[in-house]
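Asker:
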Amino acid sequence: MCIAIVGLGLIGGSLALKLTEKGYSVWGISRNPATCKQALERGAVQGCGTELAQLARFDPQMVLICTPLEQVLATLAALLPYLSAETVVSDVGSVKQPIVAPATELWPWFVGGHPIAGKSLQGIQAAEADLFRGRPYVLTPIAETQPQALDAVKELIAAVGAEAVLTDPARHDRAVAWISHLPVMVSASLIAAVSQEGDPAILELARTLASSGFRDTSRVGGGIPQLGLEMARHNRQALLTALHSYQAQLRQIEQLIAGERWDELLLVLQRAQQEWQQFPVNHPREILHNLGGGNG
Ligand code: NAP
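Just so we're aligned, residue 4 is where the sequence shown starts under our numbering, counting upward by one.
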């Protein structure tokens, strides 16, 4: 099967590496000849071009759009003249509602996708073949989605070693607001708050003493700013709802501490400890089959 990948960054490059490893014929489209050269040198692609028009020559059965979210719809529109009938197109954007319905209207063989995998580096140089292994990979079909297109993308997900999770775009966006987009904003606020310590000696001491607890809670806030901005701009309403709820929780904790209501604070922390067990981030397989709400 021939697959074309548009945008050879972290996600596009990682998909290219794994799919090539699995025997697919993979072609890349990058705006940058240096990226093409690197993708060819790393053996991620069998061929690479800088123009979308070159797709016609590759005649792929599937095209994966791996550009920043803002570019997905424009890239799909620009691709249309070069697609054969029934070419499956999918994207990897981290927000789905603004993409899926308009993209499906442009091209009925479109399937919205979002691999839940990443790291705090960008570009083809950061790409790795096993980025998706054992990770959830969300697909968000809508009523108009072609079932054969959905099946084809499911096959690709299995090939990169990920677990397909089906839901609809709105549910996806609400869920990722809680577990991905809110943590980025909370974590960035934590870093900003610590950095505002007025006594330079205390700040320096805090930096020296910072250990795994601080590293774990600050990691996502110290990531790539453009990705955080992308989440906030395109998932604004769900993120605002999550931020309001988070602020209410924080206020409650503040009041309990201010009022020295230690028993109640202990209850809050005990509940948090119990709830935390419900996020089995290290063994996702068991929960994936229990997620409902999709069209598939
Ligand atoms: P990335 O490493 O910066 O790669 C994005 C690639 O898109 C760039 O390397 C570039 O490829 C291309 N591109 C950039 N600006 C463009 C433009 N204006 N027009 C056309 N192409 C452009 O970023 P990434 O992390 O792979 O993210 C790509 C997508 O994956 C985003 O939609 C994001 O929501 C999604 N995603 C990211 C993560 C994550 O943790 N990083 C996780 C899941 C999903 P060329 O230079 O080759 O043209």
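Backbone N, C-alpha and C define an ideal beta-carbon position, used for all residues, glycine too.
Determine, using beta carbons only, whether residue 33 and residue 5 come nearer to each other than 9 Å.
Answerer: In this structure, residue 5 does not lie closer than 9 Å to residue 33 by Cβ.
Asker: Could you check if residue 40 is buried or exposed, using at least 16 other CB atoms within 10 Å of its CB as the buried criterion?
Answerer: Burial call: exposed.
Asker: Is there contact here, the segment 231–250 with the segment 182–197, by at least three beta-carbon pairs under 8 Å?
Answerer: A contact exists between the segment 231–250 and the segment 182–197.
Asker: If residue 95 sits next to residue 160, beta carbons under 8 Å apart, how far is it from one beta carbon to the other, in whole angstroms?
Answerer: About 11 Å separates the two Cβ atoms, so there is no contact after all.
Asker: Given 8 Å as the limit, tell me if residue 40 has its C-beta closer than that to any heavy atom belonging to the ligand NAP.
Answerer: No, since every heavy atom of the ligand NAP falls outside the 8 Å radius drawn around the Cβ of residue 40.
Asker: With DSSP collapsed to three states, give me the class of residue 192.
Answerer: Helix, per DSSP.
Asker: Roughly how many angstroms lie between the CA atoms of residue 103 and residue 264, to the nearest whole one?
Answerer: Residue 103 and residue 264: Cα-Cα distance of roughly 48 Å.
Asker: I believe residue 123 touches residue 227 by the beta-carbon criterion, under 8 Å. Please report the beta-carbon distance rounded to the nearest angstrom.
Answerer: About 6 Å separates the two Cβ atoms, so the contact holds.
Asker: For residue 69, name the three-state secondary structure that DSSP assigns.
Answerer: Residue 69 falls in the coil class under three-state DSSP.
Asker: Between which two residues does the beta strand (DSSP E) carrying residue 166 extend?
Answerer: Residue 166 -> beta strand (DSSP E) spans 166–169.
Asker: Jot down the residue ranges of each uninterrupted alpha helix (DSSP H) in the segment 172–258, minimum 4 residues, whole runs only, in chain order.
Answerer: Listed in chain order, they are 172–179, 185–198, 203–212, 215–221 and 228–237.
Asker: Of all the options 127, 220, 69 and 146, which has the alpha carbon lying nearest to the alpha carbon of residue 107?
Answerer: Among 127, 220, 69 and 146, the Cα nearest to that of residue 107 is on 146.
Asker: Run through the DSSP bridge pairs and tell me what residue 135 is partnered with.
Answerer: Answer by DSSP bridge pairing: none, since residue 135 is not bridged.
Asker: Throw me the rounded Cβ distance for the residue 141 and residue 21 pair, which I believe falls under 8 Å.
Answerer: Not quite, the Cβ-Cβ distance comes to about 18 Å (not below 8 Å), so this is no contact.
Asker: Under three-state DSSP, which class holds residue 30?
Answerer: Three-state DSSP puts residue 30 in a strand.
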